[in-house]
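> Mind the numbering: the sequence shown is residues 120 to 253 in our numbering, read in order.
Structure below; questions to follow.
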Amino acid sequence: MMAGGVVSVIGMWLCFNLIQSTDHMLIWLGFVALVGLVQPAQYGPIGAFLSEKFDPDHRYTGAGMTFQMASIIGAGTAPLVAGRLVNPQVGLTNLAIYGTVLFLISTVAIFVSKETARRQTHQERFIEEAVFEA
Numbered sequence: 120m121m122a123g124g125v126v127s128v129i130g131m132w133l134c135f136n137l138i139q140s141t142d143h144m145l146i147w148l149g150f151v152a153l154v155g156l157v158q159p160a161q162y163g164p165i166g167a168f169l170s171e172k173f174d175p176d177h178r179y180t181g182a183g184m185t186f187q188m189a190s191i192i193g194a195g196t197a198p199l200v201a202g203r204l205v206n207p208q209v210g211l212t213n214l215a216i217y218g219t220v221l222f223l224i225s226t227v228a229i230f231v232s233k234e235t236a237r238r239q240t241h242q243e244r245f246i247e248e249a250v251f252e253a
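What follows is the structure in structure tokens.
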């Protein structure tokens with residue numbers, strides 16, 4: 120997912136430059152690249168990333184609530200912020216800077232996130248404690 124953040128930043132700047140052109144074909148190519156390449160770089164692995172952060176007993180609820188709350192906060196405010204950032208004098212540059220900052224924040228958050236591959240579940244800890252007490 121960290122590579123997806125880097126790909127997203129680079130791809131977003133390239134796509135926004137294509138969208139700002141006056142050529143209809145380049146605008147179309149920019150939208151296709153944005154939806155077909157940039158978005159899946161971050162959105163594709165998010166299901167596995169979120170679900171591994173929770174114990175099996177709480178995985179479905181935890182991942183679902185995390186995804187929905189992030190959608191409300193991130194996707195809910197993005198159109199409001201974008202409407203304020205985009206203007207004819209600057210074009211999409213301010214929006215690209217805003218997106219870059221958000222991608223960098225998410226990439227750093229992924230980097231500092233704890234690895235959960237070796238984490239024991241509550242049941243595994245309970246069994247291990249019972250064996251040591253016996």
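Think of the CB as a built atom: it goes at the ideal place given N, C-alpha and C, for glycine as much as any other residue.
Taking Cβ positions, are A160 and G123 nearer each other than 9 Å?
Residue numbering aside, residue 160 sits at position 41 when the sequence shown is read from its first letter. Residue numbering aside, residue 123 sits at position 4 when the sequence shown is read from its first letter. Yes, Cβ-Cβ distance for A160 and G123 is below 9 Å.
> Within 10 angstroms of its Cβ, does G166 collect 16 or more other Cβ (buried), or is it exposed?
Start at 1 with the first residue of the sequence shown, and residue 166 comes out as number 47. Exposed: under 16 other Cβ atoms inside 10 Å.
> With distances taken between CB atoms, is the gap from L204 to N213 smaller than 9 Å?
Walking along the sequence shown from the start, residue 204 turns up at place 85. Walking along the sequence shown from the start, residue 213 turns up at place 94. Yes. Within cutoff.
> Any idea what DSSP makes of G155, helix, strand or coil?
Residue numbering aside, residue 155 sits at position 36 when the sequence shown is read from its first letter. The answer is helix: DSSP assigns G155 an H, G or I state.
> Buried or exposed: where does F230 fall if 16 or more other Cβ atoms within 10 Å of its Cβ makes it buried?
For the purposes of this step, residue 230 is identified with residue 111 of the sequence shown, where counting begins at 1. So F230 ends up on the exposed side.
> When the Cα atoms are used, what is the spatial distance from G183 to Q208?
Sequence index remark: in the sequence shown, residue 183 carries index 64 (1-based). Sequence index remark: in the sequence shown, residue 208 carries index 89 (1-based). Whole-angstrom Cα-Cα distance: 41 Å.
> Does A215 pass the burial test, meaning 16 or more other C-beta atoms within 10 Å, or should it be called exposed?
Counting from 1 along the sequence shown, the entry for residue 215 is found at position 96. Its Cβ being crowded by 16 or more others within 10 Å, A215 is buried.
> Starting from the C-beta of A67, find all residues in its chain whose C-beta is less than 8 Å away, skip the five residues before and the five after it, and write them out in chain order.
Nothing can be reported for residue 67, as the shown portion of the chain is limited to 120 through 253.
> Can you give me the Cβ contacts of L137 inside the same chain, cut-off strictly under 8 Å, excluding the 5 residues immediately before and after it?
Position 18 of the sequence shown holds residue 137. Answer for L137: L145, I146, L148, G149 and A152, listed in chain order.
> Going along the chain, which unbroken runs of the beta strand (DSSP E) with 3 or more residues stay wholly within the stretch 187–248?
Whole beta strand (DSSP E) segments, 3+ residues: zero.
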